[in-house]
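Sequence lines, in order, name chains P and W.
The opening position of the first sequence corresponds to residue 2 in our numbering, with each subsequent residue numbered one higher.
The opening position of the second sequence corresponds to residue 865 in our numbering, with each subsequent residue numbered one higher.
A short write-up of the structure that comes next.
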Amino acid sequence: MTTNPILTVQDLSVVFPDSNGGLNALENISFDVSPREFICFLGPSGSGKTTLLRVLANLLRPTSGRVHFIRHHRPRIGMVFQQASLMPWRSVLDNIKLPLELEGVGESKARKKSQEMIELVGLQGFEDSLPRDLSGGMAQRVGIARALIHDPDLLLLDEPFASLDALTRERMWMELSRIWQAKQKTVIMVTHSINESLFLADRVLVLTQRPGQIKLDVEVALPRPRKDDIRYTPHFGKLARKLREAIG
Amino acid sequence: MVKRIQNTLPVILSIFFAVFAWQLTVQWTQLPRFILPAPADVWSRFLKSLNDGSLIYHTGITLAEIVLGLLVGITFATVTGYALAKSRSLEKVLSPYLVASQAIPVVAIAPLLVIWLGDGILSKVVICALIVFFPVLVNTVVGVRAVPTALYDLMHSIRATRLQILLKLEVPASLPVLLGGLRIGATLSVIGAIVGELVDAEQGLGFLLQLGDFQYDTSMVFVAVFMLIALALALYGVVTLLERKFLKWQK
């Protein structure tokens, strides 16, 4: 892509202080993100994937380097967590509504917007359900709806489907790519699943074991919308092998 | 409705049998009235003190002491507890004092407080507040510390302010534990008020109790004790109602 980036990350390093001189979680990470691009960071556990996402979400200050958003100084972030992280005392609708409440959006407008999001993620009829009554897949749909409701500039996904069973996970891939195409958001997702990254992303960046460094940066030029059977095409297989070798 | 009757019927039956056993004891042992009055004596004493207004007056005084003591105690305990939960260094400084304060029985310092603060309602409110303070404090600390870090991350990622984090995350998340502390505090507060009144007071159920004792009016002592039980049950009931209202989401 030749469009101007909306986000540039330069020489980002994160060191966690510990007893023997600090733990290098990330080292010299640099990359650009174009508008509406879907980027996947792929890496084994301990490669600092989640740390990278936390820096981008402004939950963690990097030790050195910088994260620069071109259009906004402080962009709006929507984040989806490994566990859905819903508030157990709030209904589905009230969980989704939370970001708008914090922004001081009026109640009736916020409810209307939440209802739209509920329809987008296909949870009609569960508006008043409590999180304890939801399956893992449904809870994660609520998490996605909540991350999108305030129209974020950047959507961050931290292994959102890792805790789901294989069938649900694959169904959620389809859902997510449909939502992404409908909403046209810039997405950064971290995962350790090669299939997941190839199924969803425009670009996959492979992180090495600690300290995490970018080892490979590949375009995924697979046609969209991607269907389930795309996994059996030679192009997909070739890319998967390339990623597998890079992970080591 | 049927279920409600099914639930309350055993309670009513057990009270009925207890009163019946009490009456039998009085008849068989032939104990003098100033040692063990019969249920009927207590009942007529109850009606008499109800009619001359004294029972309502003294119960009102004790209730006021309890409610004020609870309010003061809960306010200080939750504010301190929140600060302790948020700051490890504050906890290090304050916790020796807090633990030491628990080694002193309130009964032992109640006379001091009455000397310092007078025999009016103020000393009782302070004693109540002191006795309520600790369980509510501990539960506040535990409750706030147990708020999941993932939910803090969520709140920070959508740029919540400190106040929004307090109101929309910390308060609702720690409410179950907090109400548990309140449940203990509510019953303890009744003890606090009575301890204070027994030291020295001109009014309140503790005063009535002592008056009955001095005048060999044992029926009056029984009436006062039953009123205290009623107060404790009512407070417990209020906490249960709060739990039912605010903790619907819990199973």
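Backbone N, C-alpha and C define an ideal beta-carbon position, used for all residues, glycine too.
Check	Outcome
Any idea which residues DSSP pairs residue 880(W) with across the strands?	DSSP output for residue 880(W) lists no bridge partner at all.
Run through the DSSP bridge pairs and tell me what residue 227(P) is partnered with.	Answer is none; residue 227(P) lacks a bridge partner.
Could you give the distance in angstroms between the alpha-carbon of residue 1036(W) and the alpha-carbon of residue 872(W)?	32 Å
Is it true that the CB of residue 108(P) sits closer than 8 Å to the CB of residue 119(P)?	no
Quick check on DSSP: helix, strand or coil for residue 1020(W)?	helix
For residue 93(P) and residue 143(P), which I take to be in contact (beta-carbon distance under 8 Å), what is that distance rounded to the nearest angstrom?	5 Å
In terms of alpha-carbon separation, which member of 239(P), 153(P), 83(P) and 210(P) lies closest to residue 28(P)?	210(P)
Determine, using beta carbons only, whether residue 74(P) comes closer than 8 Å to chain W.	no
Could you pull out every residue in the same chain whose Cβ sits closer than 7 Å to the Cβ of residue 959(W), ignoring the five residues on either side in sequence?	none
Below 9 Å between beta carbons is the criterion; list the residues of the stretch 101-123 of chain P that meet it against any residue of chain W, in chain order.	102, 103 and 104
Give a yes or no on whether 8 Å exceeds the smallest Cβ distance from residue 58(P) to chain W.	yes
Relative to the alpha-carbon of residue 72(P), which residue among 9(P), 218(P), 56(P) and 46(P) has its alpha-carbon at the smallest distance?	9(P)
Run the CB neighbour count on residue 833(W), radius 10 Å, all protein chains shown included, and call it buried at 16 or more, exposed below.	No statement about residue 833(W) is possible, as the shown extent of chain W runs from 865 to 1115 and does not include it.
Between which residues of its own chain and residue 6(P) is the CB-CB distance below 7 Å, once the five residues before and five after are set aside?	33, 34, 35 and 71
Beta-carbon of residue 89(P) versus every beta-carbon of chain W: anything under 8 Å?	yes
Please state the DSSP three-state secondary structure of residue 248(P).	helix
For residue 193(P), which of helix, strand or coil comes out of DSSP?	coil
Could you give the distance in angstroms between the alpha-carbon of residue 237(P) and the alpha-carbon of residue 15(P)?	33 Å
Please confirm whether residue 1069(W) and residue 1084(W) have their CB atoms less than 8 Å apart.	no
Hey, quick one: how far does the beta strand (DSSP E) through residue 14(P) stretch, first residue to last?	8-17
Using the C-alpha atoms, what's the distance from residue 937(W) back to residue 878(W)?	35 Å
What separation, rounded to the nearest whole angstrom, lies between the Cα atoms of residue 1101(W) and residue 1095(W)?	10 Å
Is residue 110(P) close to the ligand SAH? I mean its beta-carbon at under 7 Å from any heavy atom of the ligand.	As far as ligands go, the structure on display features none, and thus does not contain the ligand SAH.
Would you please verify whether the beta carbon of residue 127(P) is less than 8 Å from any beta carbon of chain W?	no
Closer than 8 Å, CB to CB, is residue 80(P) near chain W or not?	yes
Nearest CA to the CA of residue 1106(W): which residue from 869(W), 918(W) and 1050(W)?	1050(W)
Taking 8 Å as the threshold (C-beta atoms), are residue 933(W) and residue 996(W) in contact?	yes
Just to confirm the assignment, what range does the alpha helix (DSSP H) spanning residue 142(P) have?	137-149
Looking at the C-beta of residue 1065(W), does it have a partner C-beta in chain P at a distance below 8 Å?	no
Classify residue 1(P): buried if its beta carbon has 16 or more other beta carbons within 10 angstroms, exposed otherwise.	This structure does not reach residue 1(P), given that chain P is present from 2 up to 249, and the question cannot be answered.
So residue 166(P) and residue 83(P) are supposed to be a Cβ contact under 8 Å. How far apart are they, rounded?	About 15 Å; that fails the 8 Å criterion.
Tell me the rounded alpha-carbon separation between residue 218(P) and residue 1112(W).	50 Å
Count the CB pairs spanning the stretch 1038-1052 of chain W and the stretch 960-968 of chain W that are closer than 8 Å, and state whether there are at least three.	no
Which residues in chain P have a C-beta closer than 7 Å to the C-beta of residue 1113(W)? List them in chain order.	89, 90 and 131
Once DSSP output is grouped into helix, strand and coil, what is the label at residue 1071(W)?	helix
Residues in its own chain within less than 6 Å of residue 85(P) by CB, not counting five upstream and five downstream?	140, 141 and 144
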